[in-house]
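Residue numbers (our numbering): 396 to 930. Think of the CB as a built atom: it goes at the ideal place given N, C-alpha and C, for glycine as much as any other residue. If you're wondering where the values come from, they're calculated on a predicted model, not measured in any experiment.
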Amino acid sequence: MNRTEGQMQERGYWGSKAEYLLAVAGNVVGLGNVWRFPYLCYKNGGGAFLIPYMVFVITCGMPLFLLETAMGQYTQEGVITCWRSLCPLAEGIGYAGQLTLLYNCTYYIIILAWALFYLFFSFSSQLPWASCNNTWNTDDCLNHAETNLTLNWTTLIHSTPAATEFWERRVLSLSGGIEEVGKINWEILLCLITMWIICYFSIWKGVKSTGKVVYFTATFPYVMLLVLLIRGLTLPGALQGVVFYLYPEPARLSDPQVWMEAGTQIFFSYSVCFGTLISLGSYNQYNNNCYRDSLWLCLLNSATSLVAGFAVFSVLGFMANAQGVPIEEVAESGPGLAFIAYPQAVAMMPLPQLWAVCFFIMIILLGLDTQFVGMECIITSVMDMFPAVLRRAGRREMILLVFCLTCFLGQLIMVTEGGMYVFQLLDNYACNGACILLLSVFESLAMGWIFGAERMFNIIEDMTNSRPNYIFILCWKYLTPLVSLVSFVCSVVKYKPLTFNRCVGAACVVLTKTFLFVSNKLKSRQKLSPQRWKT
């Protein structure tokens with residue numbers, strides 16, 4: 396046996412400061428910046444929404460971002476062992492964050508598989524979601540690009556856009572309910588396998604390989620975003636979309652739901668409480684200026700969200716103008732934006748294939764580094780828990796392979812005809828805002844009071860040779876836990892059951908049905924009837 400195989404390998408550091416910055420930027424700037432923030436902004440008062448958004452940035456986002464980055468850099472450990480070193484009583488926070496991240500890694504990559512599927516079809520001579528002459532189309536199919544929508548309003552109301560039919564009937568092959576699992580969609584399965592292979596080889600050598608991959612995955616989406624922004628702003632009707640996006644409605648600030656959604660967006664967008672910032676920061680040198688890095692990365696993240704809103708709503712304004720309908724009828728959030736509204740809009744443009752390719756490449760790359768950084772975080776945590784056993788030549792690759800295969804097998808149900816229902820359950824319950832808000836309460840209390848905010852403040856000063864603003868101590872001890880707790884209570888009070896295909900059911904009922912279905916031991920007694928898909 397080669398002598399080096401039995402020796403413990405060094406943990407390693409980032410090859411350069413740029414690698415760290417790009418890795419964190421790739422992690423925090425994800426799909427939510429493009430498909431969730433713009434929609435929340437228009438929905439919750441336009442420009443007025445920026446007020447609660449900035450309040451949460453200052454009181455929660457930036458303080459927790461700096462705290463977690465500094466925790467990792469100081470301990471040079473993964474999430475769980477980091478908490479074990481700093482505050483053993485709160486080690487469970489590390490496990491909770493990793494469990495939430497595991498759920499996220501399990502379903503997030505499904506979105507990338509869908510986007511890859513769309514990307515392949517974007518090279519077609521005619522975009523398949525732009526016509527009603529396909530085998531999956533129904534008699535109710537309507538192609539907005541070719542139809543004079545002013546002729547028959549009754550027909551329009553009862554019709555289904557070609558883009559919607561492509562998404563529901565071709566991509567998802569959506570079944571009638573969660574109890575109807577149906578067949579595996581082999582094309583989506585192949586796309587899923589492709590994405591897992593890409594993610595595996597992106598991080599299989601640790602930060603050595605991750606640091607090189609992010610030079611492309613973290614920068615190229617900005618090129619695509621800039622291209623789509625310029626194209627969108629030059630379209631007729633773009634100004635209407637931009638005005639609709641940012642037109643202020645101060646009266647909405649009295650609605651607690653607006654503040655709750657602003658807080659939830661910050662926690663997801665800044666990737667706090669998942670543990671990824673701790674893991675990424677742990678590969679920094681001890682004297683890295685994490686204070687300055689955190690401030691710039693937070694600014695980059697919020698600025699990207701704002702700019703993405705211009706790119707998205709300029710195109711939605713064009714689509715509303717072309718169809719002669721109010722823009723609220725075409726505005727979507729989440730998968731509805733990425734896989735229905737935006738593809739339908741690009742189908743109306745000159746050179747639709749070009750803009751479709753640009754858009755789906757951007758979607759894939761935005762999600763790709765978020766996915767593999769999450770995987771890296773989990774692997775780092777496991778490796779640091781058992782360094783004597785796992786930090787040997789070849790063992791990291793094997794652990795990563797086992798992790799990928801386990802997640803892949805666990806998510807096979809999501810590439811079936813009923814898989815979208817399971818996807819919605821994970822998205823709404825396993826990784827929802829309430830979980831992250833509750834974690835942030837305990838995290839800030841543990842570090843602010845048990846470990847000591849002043850002590851953490853002094854550690855950051857020792858590492859960076861610069862004294863952070865005293866407001867961070869106030870946030871860690873008082874503002875962050877208070878704001879997070881109030882937001883959590885509001886999210887519970889304002890709780891609404893998951894709605895999918897216009898079917899509503901309590902979380903316990905739906906989750907129970909999922910368990911019964913997976914175990915195949917009991918028959919489901921409730922049924923979700925099929926209707927049009929709606930987020």
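Practice prompt. Starting from the C-beta of F755, find all residues in its chain whose C-beta is less than 7 Å away, skip the five residues before and the five after it, and write them out in chain order.
Written response: Around F755: A510, Y513, L514, S517.
Worksheet item: Going along the chain, which unbroken runs of the alpha helix (DSSP H) with 4 or more residues stay wholly within the stretch 412-472?
Response: Within the stretch 412-472, complete alpha helix (DSSP H) segments of at least 4 residues are found at 412-423, 426-430, 432-438, 445-451, 457-470, given in chain order.
Fill in: Beta-carbon proximity of L567 to I505, cut-off 8 Å
Remark: C-beta atoms of L567 and I505 do not approach each other more closely than 8 Å.
Discussion item. Can you look up T530 in the DSSP assignment and give me helix, strand or coil?
Written reply: Three-state result, T530: coil.
Discussion item. Taking 6 Å as the limit between beta carbons, can you name the residues of its chain near I868, skipping five residues before and five after?
Written reply: Closer than 6 Å at Cβ, skipping near neighbours: A848, F852.
Worksheet item: So, helix, strand or coil for T629, using DSSP?
Response: Correct three-state label for T629: coil.
Worksheet item: Roughly how many whole angstroms lie between the Cα atoms of K916 and G456?
Response: Only weak support exists for where K916 lies, its pLDDT of 38 falling under 50; the coordinates are left without a value.
Worksheet entry | Simplified DSSP state of T811, which is helix, strand or coil | Assignment of T811 by DSSP, reduced to helix, strand and coil, places it in the strand class.
Worksheet item: Looking only at DSSP bridge pairs, what is T555 linked to?
Response: T555 has C536 as its beta-bridge partners, per DSSP.
Worksheet item: In whole angstroms, what is the alpha-carbon distance linking V881 and S649?
Response: Roughly 15 Å separates the two Cα atoms.
Discussion item. In the DSSP output, what is I343 paired with across the bridge?
Written reply: For the chain, the structure presents residues 396 to 930; residue 343 sits outside this window and is missing.
Worksheet item: alpha helix (DSSP H) containing R790: first to last residue?
Response: Element bounds for R790: 790-805.
Discussion item. Tell me the DSSP secondary structure of Q404 in three-state form.
Written reply: Coil at Q404, not helix or strand.
Worksheet item: Beta carbon of Y502, beta carbon of L821: below 8 Å?
Response: The Cβ-Cβ distance between Y502 and L821 falls below 8 Å.
Fill in: L634 (DSSP reduced to helix, strand or coil)
Looking at L634 - three-state DSSP - the assignment turns out to be helix.
Item to complete: In angstroms with no decimal places, state the Cα-to-Cα distance between A485 and I774.
Response: In a straight line, the C-alpha of A485 is about 21 Å away from that of I774.
Worksheet item: At what residues does the alpha helix (DSSP H) containing A510 begin and finish?
Response: Note, A510: alpha helix (DSSP H), 486-516.
Worksheet item: Exposed or buried, what is G528 when buried is set at 16 or more other beta-carbons lying within 10 Å of its beta-carbon?
Response: According to the sequence shown, residue 528 is Asn rather than Gly. It counts as exposed.
Worksheet item: G712 and C436: beta carbons closer than 8 Å?
Response: Contact flag unset, no.
Worksheet item: According to DSSP, which residues form a beta bridge with L880?
Response: Looking at the DSSP assignment, L880 forms no beta bridge with any residue, so it has no partner.
Worksheet item: From which residue to which residue does the alpha helix (DSSP H) around E771 run?
Response: Unbroken alpha helix (DSSP H) run through E771: 747-780.
Worksheet entry | the stretch 659-671 contacting the stretch 411-423, beta-carbon criterion three pairs below 8 Å | Yes, the stretch 659-671 is in contact with the stretch 411-423.
Worksheet item: When the distance is taken between beta carbons, is D779 closer than 8 Å to E472?
Response: Yes, the Cβ-Cβ distance between E472 and D779 is below 8 Å.
Practice prompt. Examine the Cβ distances between the stretch 583-599 and the stretch 823-832 and report whether three or more of them are shorter than 8 Å.
Written response: When Cβ pairs closer than 8 Å are counted between the two stretches, the stretch 583-599 is seen not to touch the stretch 823-832, the count staying below three.
Discussion item. Quick check on the DSSP output: what are the complete alpha helix (DSSP H) runs of length 4 or more inside the stretch 666-697, in order along the chain?
Written reply: Annotation: the stretch 666-697 contains the following complete segments of the alpha helix (DSSP H) (minimum length 4 residues), in chain order: 671-676.
Worksheet item: In terms of residue numbering, what span does the alpha helix (DSSP H) encompassing S570 cover?
Response: No alpha helix (DSSP H) contains S570, which DSSP labels as neither H nor E.
Fill in: Own chain partners of I808 with C-beta closer than 8 Å, once the 5 adjacent residues on each side are dropped
Taking C-beta separations shorter than 8 Å and ignoring five residues to either side along the sequence, the partners of I808 in its chain run V576, G814, V817, V913, following chain order.
Fill in: Stretch pair the stretch 644-662 + the stretch 423-442: three plus CB contacts closer than 8 Å
Touching, per the Cβ criterion.
Discussion item. I'd like to check one pair, T605 with E771: are the Cβ atoms closer than 8 Å?
Written reply: Result yes, Cβ atoms of E771 and T605 sit closer than 8 Å.
Worksheet item: Hey, quick one: how far does the alpha helix (DSSP H) through P738 stretch, first residue to last?
Response: Counting along the chain, the alpha helix (DSSP H) containing P738 begins and ends at 737-741.
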